[in-house]
Each structure stands twice: as C-alpha cells, then as structure tokens.
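A.B. asks:
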Ligand code: NAD
Ligand code: UGA
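In the numbering used here, the protein residues as written are 31 to 472.
(1) Quick one: using the 10 Å Cβ neighbour count with 16 as the cut-off for buried, is residue 159 buried or exposed?
(2) Nearest to residue 424 by alpha carbon, out of 40, 448 and 105?
(3) In the DSSP assignment, the alpha helix (DSSP H) including residue 355 goes from what residue to what residue?
(4) So what's residue 476 in DSSP terms, helix, strand or just coil?
(5) Please determine whether the Cβ atom of residue 278 lies at a distance below 6 Å from any heavy atom of ligand 2.
(6) Please state whether DSSP places residue 205 in a helix, a strand or coil.
(7) In three-state DSSP terms, what is residue 391?
(8) What number of angstroms, rounded off, separates the C-alpha of residue 39 from the C-alpha of residue 319?
(9) Note the first and the last residue of the continuous alpha helix (DSSP H) segment covering residue 33.
(10) Shorter than 6 Å, the distance from the beta carbon of residue 268 to the closest heavy atom of ligand 2, or not?
(11) Assign residue 272 to buried or exposed, taking buried as 16 or more other Cβ atoms, counted over all protein chains shown, within 10 Å of its Cβ.
(12) My assumption, with CB atoms under 8 Å, is that residue 218 sits in contact with residue 178. Please give the rounded CB distance.
(13) Please list the terminal residues of the continuous beta strand (DSSP E) segment that includes residue 108.
(14) For residue 177, which three-state DSSP category applies?
(15) Once you ignore the five residues that flank residue 147 on each side, which residues in its own chain have a CB closer than 6 Å to its CB?
(16) Run through the DSSP bridge pairs and tell me what residue 154 is partnered with.
(17) Keeping to the same chain, check which residues put their C-beta closer than 6 Å to that of residue 59; ignore five residues upstream and five downstream.
(18) Using only the alpha-carbon positions, how far apart do residue 442 and residue 417 sit?
(19) Just to confirm, does residue 161 get its C-beta within under 6 Å of one of the non-hydrogen atoms of ligand 2?
(20) Between the Cα of residue 379 and those of 352, 247, 251 and 242, spot the shortest distance and give me the residue it belongs to.
(21) Expressed to the nearest angstrom, what Euclidean distance is found between the alpha-carbon atoms of residue 344 and residue 293?
(22) Can the beta-carbon of residue 270 be found closer than 7 Å to that of residue 310?
(23) Take residue 93 and list the residues in its own chain whose beta-carbon comes closer than 6 Å to its own, dropping the five residues that flank it on each side.
(24) Mapping DSSP to helix, strand and coil, what is residue 448?
(25) Considering just the uninterrupted stretch of the beta strand (DSSP E) at residue 86, what are its terminal residues?
(26) Any heavy atom of ligand 2 closer than 6 Å to the CB of residue 223?
(27) Using the Cβ count rule (16 or more neighbours within 10 Å means buried), how would you classify residue 363?
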C-alpha cells in the first residue's frame, strides 16, 4: 500500500488530502501540522513522515517581513524546516511534493537540503502546485481544470511524476494532467495567479475611467469578455482583490524578476498591485468626498469583512484597508460579516500593515481609534442610525436584505457604497438611497 503524508493541515493541505483519501481508498493518507490547535485531532507528526512514500508539503509561504527581500520575497522558513524534518526522520526513499506556492527554483534548494542530509535515502522532488480557490475548494479539487506535475527530466524524475500521476488518475482525466519540468511547474503557479489578478486590476482600472466618463463597467466587461480570446470569467470590478495569495505571489514574482535583472518585467507586474491599492484608496476617497467631505463622527456600516464570500478568511481582505482609511478620517464603524469573528476583525485592524514598496512599518492603530469600532452580528444592527453603508464582501445574504427597513432606520441622506456591484441600484434609488457602485454612472 502506498502511503502519503502531507505536512501542513491548512486551507490547502486539509481539503486536498481529504479528496485524495476519498478518491484513492488503497492509499493511506495522513496529514500533520506543527500547530497544536490544528493538530490536536490528528496523529503524531514524525511517524507518518518517516513512513510515507509520498510527502506533500503544504506549509505556508508568506511574504518575508524582515531581512533580504523583505516585503517581496517568499519566506521559506516553514518549507525549510519541513524539509529538514523529513531528512531527520526518513527511513525509506521518498517523493517530496511541493504543494505550497514557492519561488521558481525552490526545488533545487530543497533537493540540496535533503540530499546533503540523506543517510543513503533517495529523494525525488516534484512540483505540484495547487489551483483551488477558497470557498470552492472541494469542488475545485474534485473537478480541476488541470493538475500540474513538474519533475526532473531524468529516469528517476519521470518515474516519480508517473507515481503522482497515478494518484490523481483515480479521479482526474488523463488529458487534464499536465507534466512539465520542475521550473515550468513552479513558475506556472506564480504566473497563473499573476494573470488572474491582472484581469481584476485591468477591469478595476477601467472602472475608474467608467466613473469619469459615464460608461458602465459591467457593460464594458460583458462586451469585452464576450470575445472568446478574452473570456468572461474573473472580470468583475470590485473594491479590490484580497486573499492570502494574489498579492504575496505577485510580490514573489516581482522579486524573482528583480533578482534576475528584469526590471521592466518586475515593474509591469508591480502595477497589478499598485492598481489594487489605488482601487481601495479610491473607494475610501469616494465615500468621504460624497458624504460632504467628512465622515468624522458619522456611523458607517460595513457589510462584509472576508476577502470573498463563503469563507471566513480575512487575509489581505480589502476591508482592512477600507476600514483603516475610514477610521483614519474619524468615522465610527459598525461591522458585520456572517463568518468573521469580532476577535479576528479587531486583530486585523490593529495589525501594522507592511508597506512593500517602501519598507517602513506603519504605526499600529491607537486604542482611541479602536473605540470607534463595533462588531455586530446582524446587518440591520450594523446599519441602524448609520449615515452610510459600505458593501465590501459579496455574501448572498446581502442581496436579499430588506433595504426599505434599512433605509427607514438610517440617517438621511442615506448613502450606499457597493464595493461588489451586487445590489439592485435602481431599486435602492427608488427607496431613496444615494447609491455609488464601482464603475457605474450615478
Ligand atoms: P495555511 O497557513 O492555512 O496552512 C499551512 C499550515 O502549515 C499551518 O497550519 C502551519 O501550522 C503548518 N506548518 C508550517 N510549518 C510546518 C512544519 N514545519 N511542519 C508541519 N506543519 C507546518 O496555508 P494555506 O492557505 O493552506 O497555504 C499553503 C500553501 O498553499 C501556500 O504556499 C499557499 O500559497 C498555497 N496555496 C494556497 C491556496 C489557498 O486557497 N489558501 C490555494 C493555492 C495555493
Ligand atoms: C485564488 C485563485 O483563484 C486560485 O486559483 C489560487 O489557487 C489561489 O488564489 C491561491 O493561489 O491561493 P482565492 O484567493 O481563494 O483563489 O480566491 P479568488 O476567487 O481568486 O478571489 C481572489 C480575490 O479577487 C477576492 O478578493 C475576490 O473577491 C476578487 N475578485 C475575483 C474580484 O475582485 N473580481 C473578480 O472578477 C474575481
């Protein structure tokens, strides 16, 4: 029986291994983690690593915040410690699978760590990046657009690719399993996220021009996306993209370009993040300027804090920057999100933001500012007595709110700023709201 072990029981490791276990009854799958809270229910870390034939490494690879490359480069501390642990406990030859998103050429470094500590054990490193999105993880894993496996172009490397391919072949059609060399697989993951994020920044840049000219960004993206060469997915204008990966992975790509002397290429991709920051700032400025240039002392309801619907994840959520911007202008915020806890929101808003282009740390939020903040468990409580309402996550439940009731309980004029373009503007205007959507005429 083949044994698989996955190091890292997070958003990727947990669901991916659950699907492999479900689809491949003949394979024994274990998931291990260093987080006591996460692992309490799982088995002992080292035993499974030492016995497994295939080890997936799905540990976090955040942006470095100190030292060389701080603010851009990927922090591979967790990866390296996982690799060293594998080397320490291994008892048989192993295939080590890079599941985490890593800079191109990471496999070479991992190979060095493993082979220099090998005690005669043979390792093959494969790159098998994950393309699932949060909120649709299981669906994406069951029915992936493609599975990408990169390995060495040696007989040993090809044999390892074949072994991993056989695992996926239990449920993924063969023509969707792409096999490449190691560096192509590593780079394709960064490239895929950069391309996806670039579409959002492109449509968001257009949204600013739409607001200036009277065009409607929804109509523009529909018309553009109908061209089959462009495609219609991922062209929704928004308050900005968030999530743990887009920004991190583009910064990593930028850093790799810079290290390779490719300044123009680095600057090109940097723009994707700059436009995203611009979009979040633009949103805050629009709220303040339309509310008579001041939100000081005014209650503003924030509906949605997660970076997208159907997840409680707040990593890099645009809500953080929007809320900080409004708090900075002295607004009183009342925040509601169906899945994010008050603790998480307060933690996110009190954390210092790393300025990646100009590596200085911004000041943490003062205790007085934190008092301008309340977190409630209902959209109606959040909007009661508010001057304005900002919709920051596209939760389905926000589409069916009783906006008449909300309007009646708000200060007048009552403003709505829809950062996700999900509400029926016409209907809200008829109720009496002043409505601002992204990239749409007033
Ligand atoms: P996560 O932070 O949710 O999970 C990582 C887990 O690894 C944590 O629980 C941590 O405790 C554990 N860990 C760290 N070092 C360890 C060690 N030495 N031994 C055992 N456990 C260790 O992160 P995630 O969202 O699952 O992302 C993991 C990787 O997958 C990242 O590289 C990310 O870029 C990539 N990725 C994430 C997504 C996503 O949707 N979240 C999608 C595709 C790819
Ligand atoms: C993204 C990718 O979609 C996955 O393929 C990838 O595996 C993953 O990153 C990763 O590497 O971590 P995820 O971040 O979970 O997945 O979520 P997305 O659905 O891509 O949304 C990212 C952000 O973009 C969200 O804030 C979302 O609201 C925003 N978005 C998305 C838009 O503003 N407009 C769109 O048209 C689409």
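Using N, Cα and C, we set each Cβ at its ideal position, and we do this for glycine too.
C.D. replies: Put simply:
(1) buried
(2) 448
(3) 348-358
(4) No answer is possible for residue 476: the residues shown for the chain start at 31 and end at 472.
(5) no
(6) helix
(7) Reliability of the predicted coordinates at residue 391 is poor, the pLDDT of 46 falling under 50, and the value obtained from them is presented with this limitation in mind. It is a strand residue.
(8) 45 Å
(9) No alpha helix (DSSP H) contains residue 33, which is instead part of the beta strand (DSSP E) from 33-37.
(10) yes
(11) buried
(12) 6 Å
(13) Per DSSP, residue 108 belongs to no beta strand (DSSP E); it is in the alpha helix (DSSP H), 107-119.
(14) strand
(15) 117
(16) 125
(17) 34, 47, 50 and 51
(18) 7 Å
(19) yes
(20) 352
(21) 32 Å
(22) yes
(23) 278 and 281
(24) strand
(25) 84-87
(26) yes
(27) buried
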